[in-house]
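Pasting the structure below:
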């Protein structure tokens, strides 16, 4: 990952299929001993552009963050397919990176899943993950275990997702939230069944505990497709350098809470300064300059474009 900001407009725009191929290739490299793909979580195009400009290889759109930013509500199943896929389309359009999206439970039964694949594929998304929670779902990182669909019903939804796609490069990441209530063996059994059903990668949702890294190795050893991990699970994951993730069987690492929590902290701090001081002078050192802000959004490229067509 480069430490030097990369202007979004300096890169040749890739098609959705090319971005999907790019993501597949990087995940394959991670499985073969290369570094894991690191995908910071965003909830809008502003954050996605910043992820790209800082040199990351992929970006992840978190359902929890979208629920917070668009609805101001917690992640308890209130975001529907139209809201999520429409938002994904706008985010995908403003970056030249593979976009991985949270597709919750697939928004319905196998018929709903077919429409879900159609919508996210048309939005230019590179990959989605779809979970086996019973609707209405709840964010996995909220307290408590999750109720999941019966085994066969969960597998059938992954089969339907695989059959529904028109671009075979579009990636389907099958997620299971079964470990909390049913144990690691049950989660691995579901992951293996998802692989057999045609999933391109798996995501066994885990919660923090001392043996979490060992669990990841067990999951990876039981499969031949890439494994995804949610770094927000915490525990021993939090201090694990991204360069070491692949040694624990991780091919794709998502960081759903990083930006939404950091931005929330910064917003609260800035507003407290205004409320307490009556002005924003103390907050200035912890803000982007106007130039940094506009550069992030690509204003120089827009101005260059305008100059090509004088009136």
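Residue numbers (our numbering): 1 to 311. Built from N, CA and C at the ideal position, the CB exists for glycine as well. Since the model is a prediction, treat every value here as computed from it, not as a measurement.
Inset, instruction - Report the rounded CA-to-CA distance for residue 43 versus residue 158, giving the unit in angstroms. - result: Along the chain shown, one-based indexing puts residue 43 at 43. Along the chain shown, one-based indexing puts residue 158 at 158. One C-alpha to the other measures close to 25 angstroms.
Inset, instruction - To the nearest angstrom, report how far apart residue 111 and residue 20 are at their CA atoms. - result: The sequence position of residue 111 within the chain shown is 111, counting from 1. The sequence position of residue 20 within the chain shown is 20, counting from 1. Near 24 angstroms, if we compare the C-alpha coordinates of residue 20 and residue 111.
Inset, instruction - Could you please give the first and the last residue of the uninterrupted beta strand (DSSP E) stretch that includes residue 38? - result: To locate residue 38, count along the chain shown from 1; it is residue 38. Counting along the chain, the beta strand (DSSP E) containing residue 38 begins and ends at 37-42.
Inset, instruction - Put residue 265 into one of helix, strand or coil per three-state DSSP. - result: Translated into the one-based positions of the chain shown, residue 265 becomes position 265. Residue 265: helix per DSSP, three-state reduction.
Legend entry - 7 angstroms Cβ shell around residue 2 - same chain, five flanking residues per side excluded: In the chain shown, residue 2 corresponds to position 2, counting from 1. For residue 2, the predicted model reports a pLDDT of 40, less than 50, meaning its position is unreliable; a value from the coordinates is still stated below. Hits under 7 angstroms: 55.
Inset, instruction - Report the option in 121, 68, 230, 254 whose CA atom is closest to the CA atom of residue 57. - result: Working through the chain shown from its first residue, we reach residue 57 at position 57. The candidate whose alpha carbon is nearest that of residue 57 is 254.
Legend entry - Reduced DSSP category for residue 369 - H, G, I as helix; E, B as strand; rest coil: This structure cannot settle anything about residue 369, because the visible part of the chain is limited to 1 through 311.
Inset, instruction - Would you mind reading off the limits of the alpha helix (DSSP H) that contains residue 113? - result: One-based indexing of the chain shown puts residue 113 at position 113. Start and end: 110-122.
Inset, instruction - May I ask which residues mark the beginning and end of the alpha helix (DSSP H) holding residue 89? - result: One-based indexing of the chain shown puts residue 89 at position 89. Per DSSP, residue 89 belongs to the alpha helix (DSSP H) from 81-93.
Legend entry - Neighbourhood of residue 49 by C-beta, 8 angstroms cutoff - its chain only, sequence neighbours within 5 removed: The residue given as residue 49 occupies position 49 in the chain shown. The answer, listed in chain order, is 8, 94, 95, 296, 297, 298.
Legend entry - Cutoff 6 angstroms; reference residue 13; Cβ partners in own chain excluding five residues on either side: Locating residue 13 in the chain shown gives position 13, where the first residue counts as 1. So the list reads 96, once near-sequence residues are dropped.
Legend entry - alpha helix (DSSP H) segment containing residue 212, residue limits: Against the chain shown, residue 212 aligns to sequence position 212. Its alpha helix (DSSP H) spans residues 212-221.
Inset, instruction - Would you mind sorting residue 87 into buried or exposed? The rule is 16 or more other CB atoms within 10 Å of its CB. - result: Along the chain shown, read from residue 1 onward, the residue named residue 87 stands at position 87. Residue 87 should be labelled buried.
Inset, instruction - Thinking residue 187 and residue 176 are a contact (beta carbons under 8 angstroms), I'd like their distance in whole angstroms, please. - result: Your numbering for residue 187 matches position 187 in the chain shown. Your numbering for residue 176 matches position 176 in the chain shown. At roughly 5 angstroms, the Cβ-Cβ gap stays under 8 angstroms, so residue 187 and residue 176 are in contact.
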